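Some notes on the structure that comes next.
Number of protein chains: 4
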Amino acid sequence: MLVVMQEGASEESVQRVIDRLVTMGFTVHRSTGVAHTILGGVGPIDDFDPAGFEVLEGVQECHRIVSAYKLANRRFRPQGTVIEAGSVRIGGPEMIVMAGPCSVESEEQIEISAEQVARAGAKVIRGGAFKPRSSPYSFQGHGEAGLKMLRAAADRNGLLVVSEVMDRSQIPLLCEYADILQVGARNMQNFNLLRELGTVNKPVLLKRGIAATIEELLLSAEYIMSGGNHRILLCERGIRTFETATRNTMDISAIPVLQQLTHLPVVADPSHGVGKRQLVGAMARASVAAGADALIVEVHHDPDHALSDGAQSLYPEQFGDLMKQLRGIAAAVGRSIA
Amino acid sequence: MLVVMQEGASEESVQRVIDRLVTMGFTVHRSTGVAHTILGGVGPIDDFDPAGFEVLEGVQECHRIVSAYKLANRRFRPQGTVIEAGSVRIGGPEMIVMAGPCSVESEEQIEISAEQVARAGAKVIRGGAFKPRSSPYSFQGHGEAGLKMLRAAADRNGLLVVSEVMDRSQIPLLCEYADILQVGARNMQNFNLLRELGTVNKPVLLKRGIAATIEELLLSAEYIMSGGNHRILLCERGIRTFETATRNTMDISAIPVLQQLTHLPVVADPSHGVGKRQLVGAMARASVAAGADALIVEVHHDPDHALSDGAQSLYPEQFGDLMKQLRGIAAAVGRSIA
Amino acid sequence: MLVVMQEGASEESVQRVIDRLVTMGFTVHRSTGVAHTILGGVGPIDDFDPAGFEVLEGVQECHRIVSAYKLANRRFRPQGTVIEAGSVRIGGPEMIVMAGPCSVESEEQIEISAEQVARAGAKVIRGGAFKPRSSPYSFQGHGEAGLKMLRAAADRNGLLVVSEVMDRSQIPLLCEYADILQVGARNMQNFNLLRELGTVNKPVLLKRGIAATIEELLLSAEYIMSGGNHRILLCERGIRTFETATRNTMDISAIPVLQQLTHLPVVADPSHGVGKRQLVGAMARASVAAGADALIVEVHHDPDHALSDGAQSLYPEQFGDLMKQLRGIAAAVGRSIA
Amino acid sequence: MLVVMQEGASEESVQRVIDRLVTMGFTVHRSTGVAHTILGGVGPIDDFDPAGFEVLEGVQECHRIVSAYKLANRRFRPQGTVIEAGSVRIGGPEMIVMAGPCSVESEEQIEISAEQVARAGAKVIRGGAFKPRSSPYSFQGHGEAGLKMLRAAADRNGLLVVSEVMDRSQIPLLCEYADILQVGARNMQNFNLLRELGTVNKPVLLKRGIAATIEELLLSAEYIMSGGNHRILLCERGIRTFETATRNTMDISAIPVLQQLTHLPVVADPSHGVGKRQLVGAMARASVAAGADALIVEVHHDPDHALSDGAQSLYPEQFGDLMKQLRGIAAAVGRSIA
């Protein structure tokens, strides 16, 4: 904690800040310069609002110098974390691809999808049974019936299952059918959900909110980890900016930034990142080149008739071709794809 | 639904789009121009993803021409809606002020606060018992004990209570103690929560998400309304932009925009809108001048020691002075404040 | 300048940073804590890139503690600056309104406009002779002929003239015809233009760029002031965000923020701030309530046939009505409007 | 041009819109649906403000259906454009790398830089002689002396020169010394500069403004092209978002989006895109994987003592290693790098 006093701040106001810091348990180092007095507070408390100091009389600005996340911090495990889910290891030299439709629509659809993505090299099938939709009048998913179809199709094709949990009450159901529980972008700060996921014995794929900073994403991971579940996959899936040519602006730089700040593996979602099929390939390639540990891609056997996200779903042939290119890029950056 | 075909799109691709529209239940009007063929679809379906058409061969762009929200639409009730909560009417000629601390901290704190804000002219006391915090290590609220204190203090001072509900499971508890249920910005798209609030017989104060468009805010209101609860207060509380001088950028223009698009009353939250006490007054004044139907303001009897949001809480005297100014501005725009 | 070293940074890396700071002319204060070493540098240099330190080995983060602008800083003139232009004083108790069409289109148009806005209480007429347009195929303004018409109409109606200068080479021409030179949002960081304006003996109305932080706006003012011209009016006119319901998002909070950071007067431009006529009134009212020192508003005698910005121009009657409301609001916040 | 009338718009208001369209030279197609009347206007005019129609009585919304840029449009040259500058061809199968320091600082610095980047495979040296700096107190470049050093170093090492022009008046000087004229992000809408560059016989590297949409970038290219100079290189260099972990958010998706919309080659600038050396490599790799036609990278022989942008400049060894990786990625996407 650093507090920079204003030029000419009175000794009284400096003392008031020191008293306040001491009350909060900080040891205070004072450095008196020509223009500014600087107070450095070292203490046991890492979570407090620096804004609370900035409005004190005589204070110019404050900075927290210890990050508010600890378990998610790279320093906690400098060598990085490899997350195991079944036979799949995410965060190691092999890049993992998760693929499948946006929603589970029917037994036939999901069986075809599973077969196709497995053949192309995916290790995990994705598919939503509970769908967060902006409009109450949109298709909301098949619920447990959808999860059953997804599980069966995955098992027949040697795949793991990742699927979204939208509410605390759905966790037991998801744990029964899925290998990895996904938290969607809109729920990244649903703290009750996060807290409960801390007690679950399944990896969690945590998507970045469309307006979440990278630090906030790490704090949300910390919520889950502080409950005991350390198996978190962080997912970049596009942020909201002024640009309207794409559905979101995919922040590819989040991949290397996260790899510096945290030991957790990073997943890239180019489908939601851009929202248009014809751009997904380029963004998937970019993600692999930037160092992503895994990809999650929407593929549909008949995207023109998909019940959701058809516009950003790849045709199966496109996905097959893409996987070939990705293998070349992965090799160029010292990784492999099955 | 409008589909604009590309210049030189083949007759085959035009027919394919027409077939698709007809299958979806649309009646199609075709307009063939020199450069572009335009297809206008009129039909029973209002919720579909225009992006699904934009990726079809030969299509240049699509536009939905019927808004996806209906019950929240101004046309549904052109004269505007006045929401009644106890003896308070929001959306009429009288502007309502809700005020109080960020969190309920102690019996003494909330009693002092209630007394002070009531005296200054507030009609509703705010105070959180369940706090959504970015960090798992922050104060998370006193839960039911907090709600009890809040209710008691409100009753002693003739105030109504507005308090935040963070999760579906908390709804019964909140209904017991609060007059208005608040949905926080982070939960604006927690659709399971919204759906459940549709069945509740209490007004809901729905805050705009920090990256939510005005249309998305209205769609979230629609979620609640489609369940039968039409008593929604929409709240502007700042959006996230590149500017760092303020905690958020308060979008004052959302007030008149909402008043054109919807019949629901609009509440302004200058405290979260800017996040710094010394700016709150100016933004409260601006909100009233722009036509807000109500304000929600953080006031704390001792903000320097508040457990949360102290930096943006007004001192009681500041709040009293502000109320006087607001009365002058309200009068200048044809409104009154008690 | 504050440098926070990483936990466990080697003594060698600390020394390297100290050496570097000393070489740059800083006096260094060292504060060694349990976890972090903090270096405080006090020195004559205020403009340097903190990022240059952040990439040094062992450094966690850096903060500049002296603002990079000095002449524009509130401390330079704590009592505030009143800018005089002809008989008009901006920044004092009287709020000034500037109004007129987007572009000077014809002698008749500008004469009618001048007469109408003067009658309603405006003191300055606005009108562009050189128009920055996103497309090369749009109307680009009448140049000197336009300026002549503007000057004549202003003189006949006792108004001052504010008009935009787009390029260094146009400065002499603008100085001949205008009382206040406007720098448009797109030119806020046209540093060659700013530098040249520092040598001019006319007030400059400097508009905030659509993606400029408040600090960058102040640095651009500093460019002009460092050349000797201290008569700067800072103008908020909307920033670019994700919201598409309005042309820009008008950052009303910039008004009180600027008034804390700088002694220069603040002008609000609600017309560009929102871009739609039906919202301009609400934003003008909000600007006055938030404390703006002046307003600049687009008014056109026949906006449906305006050559530019018709959609955001008020009808003369609307402007007249608005002025009446603004007087009431100004009075409520202790200001007056003629 | 499409005009969608509101539900229940009167026949009178429909006629008024038709009359207005006809006056502007449009042929109007009318399509009357159950709820909405839609007017399709086909005409010779492509540049007008749809907002002007949206404020007419009875109008719900308008859409321009012909893009406002023509010469830059992919349809104008569907096969793509290869820009020749000296012996270098940008936009063909070979990816071109431009590299060098942010500013030309000294003869020694630029000679070392030129030698190092040429050896690693760059074909063009970058270096600024005129520097746009946010603060008036920062190093502003060596001007013509800098250009001379840059030219000499380039010639000795078989490189071309790209350097920034900040003002119309500098064009002749830049033309004398540089092979490619760069327009910086802050000048992307300096229309007087763009117009003048339309008359120049040199390729222009046009950088995207930090808040510019892709469409606005193309309109700025159109400004230059409409003057006769069709040799434009479009450059993505990061946009401004809410994220502060990086200097800008590099919009990698702009690369494939531009390649669909325009025939002009696309250059990626990972150095400004992220602003931190340790992230530049990942973003350069991502850019090549996403299909960029060229890269422009900041390299400095001693970045710790650079006069500007040291934090984002690569060490020469890093640049050499990066070039090797880029060759592997280029091969995986069917391109080559010398």
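Protein chains in written order, with the working numbering: chain F, 334 to 671; chain W, 334 to 671; chain B, 334 to 671; chain E, 334 to 671. Ideal placement from N, C-alpha and C gives every residue a C-beta, glycine not left out. Just so it is clear, the structure is predicted and the values come from calculations on it, not from any experiment.
List the residues of chain B that residue i touches, going by C-beta distances under 9 Å, in chain order.
i	result
residue 524 of chain F	What residue 524 of chain F touches in chain B: nothing, since even the nearest Cβ is about 24 Å away.
Distance, Cα to Cα, residue i vs residue j?
i	j	result
residue 573 of chain B	residue 547 of chain W	15 Å
residue 341 of chain W	residue 395 of chain W	17 Å
residue 479 of chain W	residue 602 of chain B	45 Å
residue 521 of chain W	residue 505 of chain B	54 Å
residue 654 of chain W	residue 452 of chain W	12 Å
residue 652 of chain F	residue 430 of chain F	11 Å
residue 344 of chain B	residue 357 of chain B	20 Å
residue 565 of chain W	residue 627 of chain W	13 Å
residue 543 of chain W	residue 571 of chain W	6 Å
residue 622 of chain B	residue 612 of chain B	16 Å
residue 526 of chain E	residue 512 of chain E	18 Å
residue 645 of chain E	residue 497 of chain E	18 Å
residue 391 of chain F	residue 587 of chain F	37 Å
residue 554 of chain E	residue 405 of chain E	7 Å
Which partner residues does residue i have in the DSSP bridge list?
i	result
residue 432 of chain E	E:458, E:630
residue 515 of chain E	E:497, E:538
residue 363 of chain F	F:372
residue 338 of chain E	E:392
residue 670 of chain W	W:428
residue 544 of chain W	DSSP lists no partner for residue 544 of chain W.
residue 572 of chain B	B:582
residue 621 of chain B	Paired residues: none, contrary to the question.
residue 554 of chain W	Residue 554 of chain W is not bridged to any residue.
Quick one: list the residues of chain E neighbouring residue i, beta-carbon separation under 7 Å, in chain order.
i	result
residue 556 of chain B	469
Residue i by DSSP, collapsed to three states: which one?
i	result
residue 499 of chain B	coil
residue 407 of chain F	helix
residue 651 of chain E	helix
residue 565 of chain F	strand
residue 444 of chain B	helix
residue 345 of chain W	helix
residue 487 of chain F	helix
How would you call residue i, buried or exposed, if buried means at least 16 neighbouring beta carbons within 10 angstroms?
i	result
residue 579 of chain E	buried
residue 534 of chain W	exposed
residue 582 of chain W	buried
residue 563 of chain B	buried
residue 348 of chain W	exposed
residue 595 of chain E	buried
residue 412 of chain E	exposed
Using a C-beta to C-beta distance shorter than 9 Å, which residues of chain W count as neighbours of residue i?
i	result
residue 588 of chain B	615, 619
Which residues in chain B have a C-beta closer than 7 Å to the C-beta of residue i? List them in chain order.
i	result
residue 573 of chain F	575
residue 612 of chain W	586, 589, 590
Could you work out which residues of chain F lie near residue i, taking near to mean beta carbons separated by less than 8 Å?
i	result
residue 394 of chain W	Those do not exist, as residue 394 of chain W stays about 11 Å from chain F at its closest Cβ, beyond 8 Å.
Can you name the residues of chain B whose CB is closer than 8 Å to the CB of residue i?
i	result
residue 337 of chain F	335, 396, 398
Starting from the beta carbon of residue i, find every residue of chain W whose beta carbon is closer than 7 Å, and list them in chain order.
i	result
residue 364 of chain E	362, 364, 373
residue 604 of chain F	The premise fails here: residue 604 of chain F is roughly 12 Å from chain W at the closest Cβ pair, so nothing lies under 7 Å.
What in chain E is Cβ-close to residue i, meaning under 8 Å?
i	result
residue 608 of chain B	384
Quick one: list the residues of chain F neighbouring residue i, beta-carbon separation under 9 Å, in chain order.
i	result
residue 583 of chain E	584, 585, 586
Could you work out which residues of chain W lie near residue i, taking near to mean beta carbons separated by less than 8 Å?
i	result
residue 387 of chain F	609, 644
Can you list the residues of chain F that residue i reaches, using a CB-CB cut of under 7 Å?
i	result
residue 665 of chain E	658, 661, 662, 665
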